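Have a look at the structure below, then the notes.
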Amino acid sequence: MKEVLLISGFMKRTLVLLSLWFFIWFPLEAFCSTGNTSSSSNPKVINIGALFTLNSVIGGATKPALLAAIDDVNSNPNILNGIELKLILRDTNCSGFIGTMEALQLMESDIVVAIGPQSSGIAHVISHVVNELHVPLLSFGATDPTLASLQFPYFLCTTHSDYFQMYAIADVLDYYGWREVIAIFVDDDYGRNGISVLGDSLAKKRAKISYKASFSPEDPKSKINDLLVEVNLKESRVFVVHANPDTGLNIFSVAKRLNMMSGGYVWIATDWLPSYLDSREAVDPSTMNILQGVVALRRYTPDTNLKKRFISRWKNLKDKGSTGPGGFNSYALYAYDSVWLAAHALEVFLSEGGNLSFSNDPKLSDTNGTALHLSSLRVFNGGQQLLQTLLRMNLSGLSGQIQFNQQRDLIHPAFDVLNIVGTGTHRIGYWSNYSHLSIVPPESLYTKPPNISSGSQHLYGVKWPGETSKVPRGWVFPNNGQPLRIAVPNRVGYKEFVSKDNSPQGVKGYCIDVFEAAINLLPYAVPHTYMLFGDGKRNPNYDEIVSLVAQNKYDAAVGDITIVTNRTKIVDFTQPYMESGLVVVALVKEAKSSPWAFLKPFTKEMWFVTAAFFLFVGAVVWILEHRINHEFRGPPRQQLITIFWFSFSTMFFSHRENTVSTLGRLVLIIWLFVVLIINSSYTASLTSILTVQQLTSGIQGIDSLISSSEPIGIQEGSFALNYLVDELNIAMSRIVKLKDPEAYLRALNLGPKAGGVAAIVDELPYIELFLTSTNCLYRTVGQEFTKSGLGFAFQRDSPLAVDLSTAILQLSESGELQKFHNKWLTHTECSIQINQEEENKLSLSSFWGLFLICGIACVLVLTLFCYRVFTQYRRFSPEDEEAEVEEIEPSRLSRRSILSTSFNNIMDFVDRKETEIKEILKRKNINESKQTSHNSNGQASSPT
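Rendered as structure tokens:
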């Protein structure tokens, strides 16, 4: 509100002085010709204006560049067809009021394009003037990001806006891992709006500006000293300086005197600093001494031949002053390009029939009898057309490609990233809006796909303040005399973790020892004080403690605080120093022995498959042995009994039948191996079931607990309440809060029917202590159903959380954490989980490979046996059977009877003994041989 009132007062004073100035300056006749229009269809001279502070770092380089550009345009016959550009210069003298007055005088000259100003504050005021008069304003130095808004349609920034520079700084900060910075900036439109964009860009990278320190350009060094003393008491040691080239150096000279340019500090300057250094032919060594280690950004311009030729001309440029070539900086290139941009746009404008005409604006006429005689300011009628022409221009200049995008910004914004070392600057990389940080020039990346991933970001090494190459941590514990306020839960139960103590420290426990050990590993001192939270009569709510840390009531919370999702949203946690997770504890009892215990070793599927294979293997062996082994022959009833007896007697290796065939012995060997494995596994499992104590509980785990309606006990203050109610949808009426292990014991002993609980849900570290205190009379049931850990809570983006995480890892690797655990949390090892019968049963999945091998072997043997029998059957055809078939008339023999007869013949053949079949085949072969011999003799004795 204060800034708004100051601006309002300034505008009122400006308008009053403008009124007086116009009343004195212009003759009365000038206000009597409203509505007139003057035009020139083929002018010989076109006026363009320039407005900036001549006696400044930027102005000293800009003036020679503008004059050189005008000369080059007028001497070039290929542009504007002989029309002369006339430059009208006005000096703003670093004053907003004078700049406004000079701008109004400049507009009297019927200029068609205005170049400048360098000040963003003056540009804001002048933009209103050019908007009304439709004169395009090309600014090479006003980089305030808000000037690109729709409020100023006639403003065009011919250099890269600070919007991109602030995003470049954010990328540099993110590259080195800094999350908090202090912004030191000049308190004007340029400074405030630039830092505002920096805050937005940092927020996208989960970083922030922790403190904003503004100063006025007119502030003496004593005020700057007070400002830097104040920021030096803050936590962050990363400073971003956004100032003007003419006054910003005072910040570093005072910082040097305060020893703030030493090791551990980080200073990042915007492009004002390189502009200052580049404009000096030889920088004073004392100046370079105070800037050692500073990282700065400079607007990038490609090293083209056009740029090199211009720099070589710099010594001979008129009005360059006595500073020699040292007066050159990048703003000279943008000023030079602004003139050429205007010249090319005017040429296109005239070629397209544009008319350089001006007319009086009725809104500026003295129609209401006011004292503001503004009718001498005339509107450029072709301003809108020329503006659109400027926006679509595309040419190559000293600063690179000059082309505007849809947002009216120059394309391909890029910056040099510099490190001030020794007597000059050292380029450590580049930043471009295309691929962000890189060590190769941006123009070489435009032909490749953009890549802004963290792995593709690169910079060369930096020499930081204090002449160190190690990247500074970027923060220290604030030296403001205030110790760290640490909230500690005042527990009622499980005081091994943390509890009140009469020592000067005030607290003790496992968590306190871990925290103190981690703090001692930090390379800096962290003064802190413990503040108990809770009345000591009941456990405090841990969510409330974490919330108070987020609200800045405490700086941190140390204790047995579980890291859960809703807490990580508001605070930062360290690395977990102890694993945790929710488990279910219930009353268990010894399971009674069952008369059917002998069936428990196998699952139902295993029993079924095993029995099926016994019968299958017995049948296969019978088929293989039936034709050659008399022990497998006899009446059908006897053979069936033989199959069953042989099958199941192999279980005990007590089968009395001998196998004769090779194939049968092969199958039997494989099957006996399978039986051996099954017998051994069954014996071992049954022994375990009958000898190991079996415990059982009505609650089998969290799932059975959810499906029941019995009360559940939880620890008071634990996150388990929210988890059970919100995540598992357990009714709040079932939850019973218990404050200590004694309450756990009473509730479990009473049981759900006598006012107790059926089970307790709590975190594993507490349950281990509880089971020890009850001599393992209770057990956990089911599996641990959440995974989390215990950690220390800090405010968001606190660097202490990161440093302590590293310290906790060091404690873990060195074994110190285990020592603290043994000191405070020693407990008797209990068999944590009850035995589950289903888990001890042997299933088919453990033996399917054996069954598969045995099955494949049986199938292959049967296939080979069938092939052998079929081959014998084809050779076997008794003559009497063939004769009987031939005697039957074909018409009286149906197809079904033929098939039936054939099947019976095959079965009879298979059922016969192997020796009988071989004897028949032997006689048949002898008969065939005799018949063949008889036929041969008969043919030999016949007459010829």
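The numbers in full-length UniProt numbering rise by one with no breaks, and the one at position 871 of the sequence shown is 871.
The beta carbon of each residue, even a glycine, is placed where N, CA and C say it ideally should be.
Since we're looking at a predicted model, the values are computed, not measured.
Can you check DSSP and say which residues form a bridge with residue i?
i      : result
Leu89  : Ala50
His426 : Asn419
His128 : According to DSSP, His128 bridges with nothing at all.
Pro489 : Phe533
Ser201 : None; Ser201 has no bridge partner.
Phe616 : Answer is none; Phe616 lacks a bridge partner.
Ile209 : Val181
His242 : Phe185
Trp340 : None, per the DSSP bridge assignment.
Gln715 : Leu738
Glu579 : Gly789
Arg378 : Asn360
Arg567 : The partner list for Arg567 (beta bridge, DSSP) is empty, contrary to what the question assumes.
His528 : Leu484
Val295 : Ile268 and Asn419
Can you say whether residue i is buried or exposed, counting buried as having 16 or more other CB atoms within 10 angstroms of its CB?
i      : result
Arg309 : exposed
Tyr524 : exposed
Ser805 : buried
Leu258 : exposed
Asp303 : exposed
Pro145 : buried
Cys854 : buried
Gly324 : Low per-residue confidence applies at Gly324: pLDDT is 38, beneath 50, and the placement is therefore not dependable, though the value from the model is reported in the following sentence. Looking at its Cβ environment, which holds fewer than 16 other Cβ atoms inside 10 Å, Gly324 is exposed.
Phe239 : buried
Asn552 : exposed
Ser469 : exposed
Lys922 : exposed
Cys866 : exposed
Trp607 : exposed
Phe673 : exposed
Glu727 : exposed
Assuming residue i and residue j are in contact, meaning their beta carbons sit under 8 Å apart, how far apart are those beta carbons, in whole angstroms?
i      : j      : result
Ala148 : Asp409 : 7 Å
Ile712 : Val757 : 6 Å
Ala61  : Tyr446 : Not confirmed; about 28 Å, so no contact.
Ala801 : Thr574 : 5 Å
Ala269 : Ala65  : Not a contact, Cβ separation roughly 23 Å.
Phe152 : Ser119 : Incorrect: roughly 15 Å between the Cβ atoms, too far for contact.
Arg538 : Val492 : 6 Å
Tyr778 : Val583 : Actually they are not in contact, since the Cβ atoms of Tyr778 and Val583 sit about 11 Å apart, beyond 8 Å.
His124 : Asp174 : Between Asp174 and His124 the Cβ distance is about 31 Å, and since that is not below 8 Å, they are no contact.
Phe140 : Ile115 : 7 Å
Gly581 : Glu763 : 7 Å
Ile224 : Asn250 : 6 Å
Ser432 : Ala414 : 4 Å
Below 8 Å CB to CB, which residues in the same chain sit around residue i once its five sequence neighbours on both sides are set aside?
i      : result
Glu884 : At Glu884, the pLDDT of 41 sits below 50, so the modelled position is not reliable; the number obtained from the coordinates is stated separately. Nothing meets the Cβ criterion.
Tyr211 : Ile182, Ala183, Val231, Lys234 and Ser236
Ala170 : Leu198, Ser201, Leu202, Lys204, Lys205 and Ala207
Please go through the same chain and pick out, in chain order, the residues whose beta-carbon is closer than 6 Å to the beta-carbon of residue i, but skip the five residues on each side of it.
i      : result
Leu273 : Ala296
Gln833 : Low confidence applies here, because Gln833 scores a pLDDT of 49, under 50, leaving its location unreliable; read the following figure in that light. Only Thr780 meet the Cβ criterion.
Gly717 : Asn539, Pro540, Asn541 and Tyr542
Thr425 : Leu418
Ile767 : Val583 and Val585
Ile420 : Leu291 and Val294
Ile702 : Val584, Gly782 and Phe785
Asn451 : Ser435
Leaving out five residues on either side along the sequence, give the residues of the same chain with a beta carbon under 7 Å from the beta carbon of residue i.
i      : result
Asp560 : Phe497, Val498, Cys511 and Leu790
Asn381 : Asn355, Ser357, Phe358 and Ser359
Phe515 : Val558 and Phe792
Asn131 : Phe152, Pro153 and Tyr154
Glu816 : Ala517
Asp803 : Leu522
Hey, is residue i close to the ligand NAD, as in C-beta under 7 Å from one of its heavy atoms?
i      : result
Ala343 : Questions concerning the ligand NAD fall outside what the structure shown contains, since it holds no ligand whatsoever.
Subject >> Secondary structure, alpha helix (DSSP H): runs of 4+ residues fully inside the segment 760-809 >> reply: 764-773
Original post:
Which ranges would you report for the alpha helix (DSSP H) in the segment 383-407 if only whole runs of at least 4 residues count?
Top reply: 383-391
**OP:** Please go through the segment 232-280 and give each complete beta strand (DSSP E) segment of 3 or more residues, from N-terminal end onward.
**Re:** 238-242 and 266-269
Original post:
What alpha helix (DSSP H) runs, 4 residues minimum, are completely inside the segment 441-486?
Top reply: none
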